[in-house]
Each structure stands twice: as C-alpha cells, then as structure tokens.
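Each position in the sequence shown, counted from 1, maps to that position plus 79 in this note's numbering. Here a beta-carbon is modelled for each residue, glycine too, at the ideal position from N, C-alpha and C. Down below is the structure, laid out as structure tokens.
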Amino acid sequence: MTQERSEPAQDAGERAMLEGWLEYHRQTLAWKCEGLSDAQLRIAAVEPSELSLMGLVRHMAEVERGWFRKVLAGDDVGPIYYTEEDRDGEFHLTEADTWAEAYATWQAEIAVARRNAAGFGLDDLSKGRSRHTEEPFSLRWIYTHMIEEYARHNGHADLIRERVDGATGD
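What follows is the structure, encoded as structure tokens:
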C-alpha cells in the first residue's frame, strides 16, 4: 500500500489541526482500500456482518454528505445509497457496485465538504439542526465528530484488509 498520508504539524493552529487529522483519516481509509479488486473490496468482515471496505467508503460518502451538506450548510439533499426501506443500503453491495463509482462519489462528497466548511468559522453554528435536539452544531463539533467517525471505521478497515489479503499497517 502506497497511499501518502501526512499528520498535521505538531504546532498547527486549531483549525489546521482539526482539518489535518480529518484529512489524515480520509487518506487512511483510501490507503486501506488501495490495490484491491472490486471483488476483494466487497468481501465482508465476518458473517453475519455485511461490513466491507467498499461499504465503508460508501458509508463515509453518506456521512460526509450528511454532516457537511445537510447539517452544516442546511442543504436539502437526499441520501446516496440508503433509503427509508433500507437504512443500511450503503453496505448492501451487488456485483454491479464498483470501486470506481464508490471512490468517485466519496471524493465528490469530500470536495463539497471542504468547500462548505471553508465558509464557516470553528465557532459558527450549522444551518441544519440536530434531529434529536433541534440544536445547531459548531463546525468544531462537526470536525471532531468526523475525526471520531473515520477513526472508528478505520479500525474496522484495518481488520477487514487483514482478512482480505493479510496486509497490515497503522
């Protein structure tokens, strides 16, 4: 695996630090998927789980879309892969689902996330609201949550990648 990853500078300011760690974790997920075939990217972690590397990438496209488009910017956009009838649709893969499509969709959502976040300060509140409390979120909270979300799923990706081809790494 050769995906380049870089940690933020140890003396970076808060925003650069948050954005740097989020980017590091985005790069880590791409690294965990690097060099595998579509069939390998569809391999589930362990039955009965449907968790796969491609499913994780599709899930993170949904997460990027949800937090940076729906919540932060208040955009009225629908889901990409899931539906009301299939809330875990991003993990329900078929032979027709490809890495090229999943990766392109994920990267497009990351690009929109970056553009949307650039228009907010860390203390600025989201235009969208929590579906639980009806309260807005600060961009700082969203960044921190996204770092946590990626870190958790990158742990899953570590285990799935090792199952697929034995590759390990931090």
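> Nearest-angstrom Cα distance between Tyr160 and Tyr229?
Replying inline: 18 Å
> Expressed to the nearest angstrom, what Euclidean distance is found between the alpha-carbon atoms of Pro158 and Glu241?
Replying inline: 30 Å
> Where do the ends of the alpha helix (DSSP H) carrying Leu151 lie?
Replying inline: Unbroken run through Leu151: none, as it is neither H nor E.
> Closest to His224 by CA distance: which of Asp90, Phe199, Val142 is it?
Replying inline: Val142
> Is the region 149-158 touching the region 193-208 in the sense that three or more CB pairs, one from each, lie closer than 8 Å?
Replying inline: yes
> Straight-line CA distance for Glu169 to Glu93?
Replying inline: 33 Å
>> Let's test the definition: count the other Cβ atoms within 10 Å of the Cβ of Arg121 and tell me whether it reaches 16, buried, or not, exposed.
In response: buried
> Are there 16 or more other CB atoms within 10 angstroms of the CB of Ser131, so buried, or fewer, so exposed?
Replying inline: buried
>> Can you give me the C-alpha to C-alpha distance between Gly200 and Leu218, rounded to a whole angstrom?
In response: 7 Å
>> Between the alpha carbons of Asp165 and Arg84, how many angstroms are there, rounded?
In response: 34 Å
> Buried or exposed: where does Ala125 fall if 16 or more other Cβ atoms within 10 Å of its Cβ makes it buried?
Replying inline: Here the sequence assigns Val to residue 125, which means Ala is not the residue at that position. Counting Cβ neighbours within 10 Å, Val125 comes out exposed, since fewer than 16 surround it.
> Looking only at its own chain, which residues have a Cβ that is under 7 Å from the Cβ of Glu214, when we skip the five neighbours before and after it?
Replying inline: Arg208
> Under the DSSP definition of a beta bridge, which residues are partnered with Ser217?
Replying inline: Leu204
> Arg193 by DSSP, collapsed to three states: which one?
Replying inline: helix
> Per DSSP, what kind of secondary structure is Thr107 in: helix, strand or coil?
Replying inline: helix
> Between the beta-carbon of Leu108 and the beta-carbon of Ala236, is there less than 9 Å?
Replying inline: yes
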